[in-house]
Amino acid sequence: MTRRHLTLAFIVALAAVWGFLPDFSVTVLSYIGLYALVAAGLVMLTGVGGMTSFGQAAFVGTGAYATAWICTSPLVAGALGGISPALLPWLGLLFGIVVTFIIAWGLGAITLRLSGHYLPLCTIAWGLSFYFLFGNLEFLGGHTGVAGVPAIVVGGLSLASPRSLGVVIWGVLLLALWALHNLLDSREGRAIRALKTGRVMAESMGVDTGRYRIKVFVLAALMAALSGWLYAHMQRFINPTPFNLNIGIEYLFMAVVGGAGHLWGAVLGAALITLLKEQLQDVLPSLLGSSGNFEVIVFGLLMLVVLQRFADGLWPTLARLGGRFLKPVAPRPPGRVLALPEAALPARGRTVLEAKAVTKRFGGLVANDAVSLDVKAGEIHALIGPNGAGKSTFFNMISGVDDPTEGEVRLMDKAMTGKPSREFAALGLGRTFQHVRLLGQRRVIENVALGAHRRGRRGWIASMLRLDRAEEAALLAEARRQIERCGLAEFAEVPAGSLALGQQRVVEIARALAGHPAVLLLDEPAAGLRHLEKRALAMLLDQLRAEGLGILVVEHDMEFVMNLADRITVLEFGAVIARGTPAEVQADPKVLDAYLGGVDEPAPKAVVEQAA
Ligand code: ADP
Ligand code: MG
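Letter 527 of the sequence shown, counting from 1, is numbered 527 in full-length UniProt numbering, and no numbers are missing.
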């Protein structure tokens, strides 16, 4: 039995017993389905995308109020004249989607720029304001709400009973889970996951992080609105209470307790919290002898315990236990694999990257002082210098992570001033990071495939509907090719975080290569590698140079650099103190001074030996 079989068994079992369950159970299950829909949106937003929202209840309310208003307002009835009443809920759905889309996009555009604690705080703010808005708008019935919301009618069949509507709710939920699962298992899903590791890495892979953040936010909001639409037609009456901030916090509870990183965690969390709330609301008041929302206290304690013992929620633990009895799904062997687009490499010897008098000041500190340097296609250029010399700062300047205070960076003969790093990536720049930036929990092959992001075209909808399979197979094949080339074939299927740090650096190189770059920037690629691994890396770089790539490498291992580089530029205190071939640089007295006089860095052996 595989996981897929188990999921199917669950669906079949639910369908089989549905007709025989008592009404009460059907109602509870319907609620669980409604909540799980919102929580699944939060899994995408918070667990996968790394953006915390306490305000999802407001979007549930938007969906519910939109349809309630369309279905009951005399204004709408008057304007639409003789429209069939059976169509009104569908019109309400459309209206709710449009309104939620606009509101979420607008809110997202404003608030998602905020980082750290400001975003969650902001979601609390609009969560509160929506609640009061619903309660104070006269045409939405104020605090009394809207009564007389009709049942949904599908093909002449009225879904008035919870038993029939519950089928729709679970149908919608399961379809949504399927679509989200597909999305996460695609090129776009990798990009969404990359958001959590920080914008710098994702942007360097060519991902427009601002846009992706807004899209995930809108997606989660739309799922909440869909839940609200179903809710309104199930209750047939709405008021502001179920859309207040408390409930918004409960949705987050569900996602976190169930497991915010996993779609089924949303279902588990929704089920647990709903059932628990049901029980507690009965038991606690009689136990304590007075009425009140005591369950909130228990939830708080529960949250503490779960987060203490199961930091990733309950689902991963459950899945691990169940995994012992389940067969892993064997990856399907790819059929004929499409070729990915491959830009031709520039002619050997052409200048591909050029920094002209790049200066960077941090307040009074001059981290880069008029540094000029160029990289040609088919050469390895090394940038060396003691700690704090400004090498990483310079890397940031020439990869679009940060802008120079003065000076100019040109990539492929284009001025890059003010351009974000994804445009550097688009022009053929691939890079690695001094401090490894991988998705540690994802497999090596997924990490490397992220590097090929720009070479795919398929969007969110195509991914959700599995229309991207041919392209996805091509991306994964490319990732596998680069992994093999970098000597990591045996690790392709293990989580990247389980590798030694040196190997993780090599994974970063494979990821950069998957983008088919013309220029490769490597920040200390040999750090943490053993002798043989260094030799293998040197051979790989040699081969890449032979293929015509322009490579700029920052490296501390002098033996490695001196044997490999065609040209070397030496930085000290932000300024270039020497440049030339390895032999010229090693003979330069200024270089010897910089290294022997430096306190931060042991004198590089090769330099001392050459000088002696
Ligand atoms: P290297 O990579 O050569 O070791 P860095 O480029 O990291 O050196 O740092 C160069 C200098 O710039 C250091 O003195 C460092 O403290 C300073 N520096 C780097 N980044 C910043 C920053 N964001 N704000 C202020 N100072 C910085
Ligand atoms: Mg550095």
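Note that CB positions come from ideal geometry on N, CA and C, so glycine has one too.
Since the structure is predicted, the reported quantities are computational estimates derived from the model, not experimental observations.
Touch check for the segment 525-541 and the segment 501-510: three-plus C-beta pairs under 8 angstroms? yes
Work out the CA separation of residue 251 and residue 58 for me, nearest whole Å. Position 58 of the sequence shown, counting from 1, holds the residue named residue 58. Position 251 of the sequence shown, counting from 1, holds the residue named residue 251. The alpha-carbon atoms of residue 58 and residue 251 are separated by roughly 11 angstroms.
Within the chosen definition, does the segment 214-225 reach the segment 100-115 through at least 3 CB pairs nearer than 8 angstroms? Short answer: they touch.
How many Å lie between residue 302 and residue 238 at the Cα? Position 302 of the sequence shown, counted from the first residue, corresponds to residue 302. Position 238 of the sequence shown, counted from the first residue, corresponds to residue 238. So the two alpha carbons sit approximately 29 angstroms from each other.
Residue 620 versus residue 305: straight-line alpha-carbon distance, rounded: The structure shown does not extend to residue 620, since the chain spans only 1 to 612, so no value can be given for it.
Jot down the residue ranges of each uninterrupted beta strand (DSSP E) in the segment 297-366, minimum 3 residues, whole runs only, in chain order. 351-362
Inter-residue spacing [alpha-carbon to alpha-carbon] between residue 607 and residue 558: For the purposes of this step, residue 607 is identified with residue 607 of the sequence shown, where counting begins at 1. For the purposes of this step, residue 558 is identified with residue 558 of the sequence shown, where counting begins at 1. In this predicted model, residue 607 has a pLDDT of only 49, less than 50, meaning its place in the structure is not dependable enough to derive any value.
Does the ligand ADP have even one heavy atom less than 8 angstroms from the beta-carbon of residue 391? One-based indexing of the sequence shown puts residue 391 at position 391. For the ligand ADP, at least one heavy atom lies less than 8 angstroms from the Cβ of residue 391.
Extent of the continuous alpha helix (DSSP H) run through residue 458: Here the question's residue 458 lines up with position 458 in the sequence shown. Taken as a continuous stretch (DSSP letters only), residue 458 belongs to no alpha helix (DSSP H), as it is neither H nor E.
Output the boundary residues of the alpha helix (DSSP H) element that contains residue 575. Here the question's residue 575 lines up with position 575 in the sequence shown. Element bounds for residue 575: not the alpha helix (DSSP H) but the beta strand (DSSP E), 575-580.
With residue 96 as the anchor, note down where its alpha helix (DSSP H) starts and where it stops. By one-based count along the sequence shown, residue 96 stands at place 96. From DSSP, the alpha helix (DSSP H) with residue 96 extends over 88-111.
Are residue 345 and residue 478 close, meaning C-beta to C-beta below 9 angstroms? Counted from its first residue, the sequence shown places residue 345 at position 345. Counted from its first residue, the sequence shown places residue 478 at position 478. No, they are not a contact pair.
State the DSSP-derived secondary structure class of residue 375, mapped to helix, strand or coil. One-based indexing of the sequence shown puts residue 375 at position 375. Residue state, collapsed to three classes: strand.
Entirely within the segment 474-545 and at least 3 residues each: give me those beta strand (DSSP E) ranges in chain order. 519-523
Ranges of the beta strand (DSSP E) found wholly within the segment 103-189, counting only runs of at least 3: Within the segment 103-189, no complete beta strand (DSSP E) run reaches 3 residues.
What does a CB cutoff of less than 6 angstroms around residue 351 pick up in its chain, not counting 5 residues either side in sequence? Residue 351 sits at position 351 when you count from the first residue of the sequence shown. Cβ within range, chain order: 374 and 376.
From 163, 367, 436 and 356, residue whose alpha carbon lies closest to that of residue 22: Residue mapping note: residue 22 aligns to position 22 of the sequence shown, counting from 1. Considering only alpha carbons, the answer is 163.
Chain-order list of residues whose beta-carbon lies under 8 angstroms from that of residue 120 (same chain, five-residue window excluded): On the sequence shown, residue 120 is found 120 positions in, with the first residue counted as 1. The beta carbon of residue 120 is closer than 8 angstroms to those of 52, 53 and 54 in its chain, skipping five residues each way along the sequence.
Which value, in whole angstroms, describes the spacing of the CA atoms of residue 25 and residue 274? Position 25 of the sequence shown holds residue 25. Position 274 of the sequence shown holds residue 274. Between residue 25 and residue 274, the C-alpha separation is close to 12 angstroms.
Is there at least one non-hydrogen atom of the ligand ZN closer than 8 angstroms to the beta-carbon of residue 306? What this structure holds is the ligand ADP and the ligand MG, not the ligand ZN.
Going by beta carbon distance, what residues of the same chain come within less than 7 angstroms of residue 418, once the five residues before and after it are set aside? In the sequence shown, the residue the question calls residue 418 occupies position 418. Closer than 7 angstroms at the Cβ level, and outside the excluded window around residue 418, lie 403.
Does the segment 86-99 come close enough to the segment 138-157 to have 3 or more Cβ pairs within less than 8 angstroms? Touching, yes.
Residue 543 Cβ short of 8 angstroms to the ligand MG heavy atom set: The count along the sequence shown starts at 1 and reaches residue 543 at position 543. For the ligand MG, not one heavy atom lies less than 8 angstroms from the Cβ of residue 543.
Tell me whether residue 127 counts as near the ligand ADP, meaning its Cβ is closer than 8 angstroms to at least one heavy atom of that ligand. Residue numbering aside, residue 127 sits at position 127 when the sequence shown is read from its first letter. Incorrect: residue 127 has no Cβ contact closer than 8 angstroms to the ligand ADP.
Quick check for students: name the residue ranges of the beta strand (DSSP E) that lie wholly in the segment 397-421, counting only runs of 3 or more. 406-411
By alpha-carbon positions, which one of 254, 184, 142 and 282 ends up nearest to residue 241? Numbered from 1 along the sequence shown, position 241 holds the residue referred to as residue 241. Per the Cα distances, 142.
Inspect the beta-carbon positions of residue 312 and residue 260 and report whether they are closer than 9 angstroms. Position 312 of the sequence shown, counted from the first residue, corresponds to residue 312. Position 260 of the sequence shown, counted from the first residue, corresponds to residue 260. In this structure, residue 260 lies closer than 9 angstroms to residue 312 by Cβ.
How about residue 554: is its Cβ closer than 8 angstroms to a heavy atom in the ligand ADP? Along the sequence shown, read from residue 1 onward, the residue named residue 554 stands at position 554. Yes - the ligand ADP has a heavy atom lying nearer than 8 angstroms to the Cβ of residue 554.
Supposed close pair residue 400, residue 433 - CB separation, criterion 8 angstroms: Your numbering for residue 400 matches position 400 in the sequence shown. Your numbering for residue 433 matches position 433 in the sequence shown. Not confirmed; about 14 angstroms, so no contact.
Counterpart residues of residue 553 in DSSP-defined beta bridges: Along the sequence shown, one-based indexing puts residue 553 at 553. DSSP lists 382 and 522 as partners of residue 553.
Determine the extent of the alpha helix (DSSP H) in which residue 213 is found, giving its start and end residues. Taking the sequence shown and counting its residues from 1, the one referred to as residue 213 is at position 213. From DSSP, the alpha helix (DSSP H) with residue 213 extends over 209-235.
For the ligand MG, I want to know if residue 524 counts as a neighbour, meaning its beta carbon is within less than 8 angstroms of at least one of the ligand's heavy atoms. Your numbering for residue 524 matches position 524 in the sequence shown. Under cutoff, so the answer is yes.
Proximal residues to residue 176 (C-beta, below 7 angstroms), its chain only, five neighbours per side dropped: Taking the first residue of the sequence shown as 1, we reach residue 176 at position 176. The answer, listed in chain order, is 37, 40 and 223.
Three-state secondary structure (DSSP) of residue 429: As a first step, residue 429 is located in the sequence shown; it is residue number 429 there, counting from the start. Here residue 429 sits in strand by DSSP.
Simplified DSSP assignment, three categories, for residue 600: Counted from its first residue, the sequence shown places residue 600 at position 600. Note on residue 600: pLDDT 47, under 50, position unreliable in the model; no value is reported.
Range covered by the alpha helix (DSSP H) that runs through residue 3: As a first step, residue 3 must be located in the sequence shown, where it is residue number 3. Residue 3 -> alpha helix (DSSP H) spans 3-18.
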